[in-house]
Amino acid sequence: MKLTANNPPRRLSVFGSTGSIGVNTLDVIDHLGGSDQFEVMAVTGHANIELLAEQARTTGARLAVTADESQYMALKDALSGTKTDVAAGKSGLKEAAELDAEWVMAAIVGTAGLAPTLAAAARGATIALANKECLVSGGDLFVDAVKAGGGKLIPVDSEHSAIFQCLDNNQRHALERIILTASGGPFRAYTREQMRDVTVQSARTHPNWSMGLKISVGSASMFNKALEMIEAKHLFGVTSDQIEVVVHPQSIIHSMVGYADGSVLAQLGAPDMRTAIGYALTYPSRPGLPVERLDFTKLSRLDFEAPDEDRFPALRLARVAMERGGLQGAIMNAAEETAFDAFVTGDIGFLDMAGIAEKVMEAMVGHPPASSIDDVYKTDEEARHRASGFIKHI
Ligand code: NAD
Ligand code: MG
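Structure follows, in structure tokens:
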């Protein structure tokens, strides 16, 4: 099936192509027919120049960008003799965002993804959004930029893809609640005492999903779910009390939508990000993909439990951030990214991450709301600075 009947391939840029989502995106493109279906415009990465250059060569991308300026010459050398242009740093990412791609896979990790994704949205590209930080930090400003640009926003996060697939736009008036499922991560059954001394290696080992480092550790602390609650609020225009979280260790139900008549619609599938990626890249076509099929006769059980906000305080912080509104999401996220870096380098313990996020949020209560995206960047910077201060005192 051709995605665009009688038309040329869909022009697509992949931001964060060397990461876990990026690599899966290129794999999905391959399965869907490669260059017959997609013309890859830009690929972007950070440190892994070898992989980035290889991706540029195999896709024939017009532009390859490393966000790390010091790697510019290495990338240039690796791509000499090809038709791919090379750029680096923030200006390089901007250049990638401005290329005329109709569709953009936004899969950079962290707040670094906000500026290029926003620029692509503003010029009207349809955004396949993996980078949840765009919504957590940019909030309604980001949603408004997409609307003003005239493109669409299609979630890639598996929970939000599930909700998007279960939401009937003609029945939005009857939407009652959104139920985000959470695997509970590797420490689901740990006491706080047991979590105190866990290592990065044990925190990154997810029971069901294979993902990048940040999101894997975020699944262990449930900070990832906290970000996803805020992501859902902005994506689907619901309030904090319409968002529920349920722990579902098998990760088969990817999330659910509850309606006013008591019906609950769920989307199920094997835990493989390629389903959500393929859905977002081809919406609304839903072409075939070679992912594992669920065999219900072999699924012995599906379990559900209430999340524990004492052991996983990130969930409570997300509610606080949503209820306070303004830039508390951006503040929580920036503080947590800073604390995550300190956990990875061994400067703080696992439980300190939530402690630091909470301290920074408290210190910045009443911070003025954002009227422009520059306010978001300034606030993000201040929250990081404050988080670094707290980290030094641990
Ligand atoms: P990853 O760490 O595997 O990859 C991140 C990508 O961003 C890489 O290409 C990396 O080179 C690039 N990058 C890193 N730092 C950068 C910087 N400062 N500037 C520009 N680019 C930079 O991460 P991932 O797991 O693929 O996740 C990407 C995004 O998708 C995250 O926001 C994550 O929360 C979200 N997401 C991921 C999954 C998953 O299964 N991996 C699922 C749902 C949502
Ligand atoms: Mg998710």
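First residue of the sequence shown? That's 780 in this note's numbering, and the numbers climb one at a time after it. Cβ coordinates follow ideal geometry from the N, Cα and C atoms, glycine included.
Three-state secondary structure (DSSP) of residue i
i: residue 818; result: strand
i: residue 967; result: coil
i: residue 872; result: helix
i: residue 1039; result: coil
i: residue 916; result: helix
i: residue 1003; result: helix
i: residue 1144; result: coil
i: residue 1131; result: helix
i: residue 807; result: helix
i: residue 896; result: helix
i: residue 1071; result: coil
i: residue 1091; result: coil
i: residue 1062; result: coil
i: residue 830; result: helix
i: residue 948; result: helix
i: residue 987; result: coil
i: residue 1106; result: coil
i: residue 1096; result: helix
i: residue 1013; result: helix
Residue i - partner residues in DSSP beta bridges
i: residue 1046; result: 1034
i: residue 934; result: 908
i: residue 1123; result: Residue 1123 pairs with nothing; no bridge assigned.
i: residue 864; result: 842
i: residue 1022; result: 957
i: residue 824; result: 845
i: residue 791; result: 819, 882
i: residue 1084; result: 1026
Distance CB(residue i)-CB(residue j) smaller than 7 Å
i: residue 991; j: residue 888; result: yes
i: residue 1175; j: residue 1027; result: Residue 1175 is absent from the structure shown; the chain starts at 780 and stops at 1173.
i: residue 844; j: residue 861; result: no
i: residue 1094; j: residue 1001; result: yes
i: residue 1036; j: residue 946; result: yes
i: residue 893; j: residue 821; result: no
i: residue 1140; j: residue 1111; result: yes
i: residue 1118; j: residue 1166; result: yes
i: residue 907; j: residue 1073; result: no
i: residue 1007; j: residue 958; result: no
i: residue 886; j: residue 795; result: yes
i: residue 797; j: residue 819; result: no
i: residue 791; j: residue 816; result: no
i: residue 968; j: residue 982; result: no
i: residue 872; j: residue 895; result: yes
i: residue 1005; j: residue 1096; result: yes
i: residue 1090; j: residue 951; result: no
Integer Cβ distance of residue i from residue j, believed to fall under 8 Å
i: residue 1056; j: residue 935; result: 6 Å
i: residue 1071; j: residue 1049; result: 4 Å
i: residue 883; j: residue 899; result: 4 Å
i: residue 1053; j: residue 803; result: 5 Å
i: residue 867; j: residue 851; result: 4 Å
i: residue 881; j: residue 909; result: Going by Cβ atoms, the distance from residue 881 to residue 909 rounds to 18 Å, so no, they are not a contact pair.
i: residue 874; j: residue 854; result: Not a contact, Cβ separation roughly 14 Å.
i: residue 1133; j: residue 1092; result: 4 Å
i: residue 1159; j: residue 890; result: 6 Å
i: residue 976; j: residue 1128; result: 7 Å
Residue closest to residue i, alpha-carbon to alpha-carbon, out of the options
i: residue 1012; options: 928, 1107, 918; result: 918
i: residue 964; options: 847, 929, 1003; result: 1003
i: residue 1147; options: 1116, 1165, 1106, 1141; result: 1106
i: residue 1019; options: 869, 1108, 905, 1154; result: 1108
i: residue 1137; options: 1173, 1100, 1104, 804; result: 1100
i: residue 1014; options: 1142, 852, 912, 1119; result: 912
i: residue 857; options: 875, 1168, 831, 881; result: 831
i: residue 1029; options: 1042, 1074, 1083; result: 1083
i: residue 897; options: 836, 1169, 985, 1152; result: 1152
i: residue 1120; options: 799, 979, 939, 809; result: 979
i: residue 987; options: 972, 1033, 1009; result: 1033
i: residue 793; options: 782, 806, 781; result: 806
i: residue 1047; options: 975, 983, 940, 1087; result: 940
i: residue 801; options: 827, 788, 816; result: 827
i: residue 1040; options: 956, 871, 944, 864; result: 956
i: residue 1122; options: 791, 920, 799, 996; result: 996
i: residue 942; options: 825, 1038, 1154, 1128; result: 1038
i: residue 1169; options: 954, 1157, 1114, 1124; result: 1114
i: residue 993; options: 1127, 1116, 971; result: 1116
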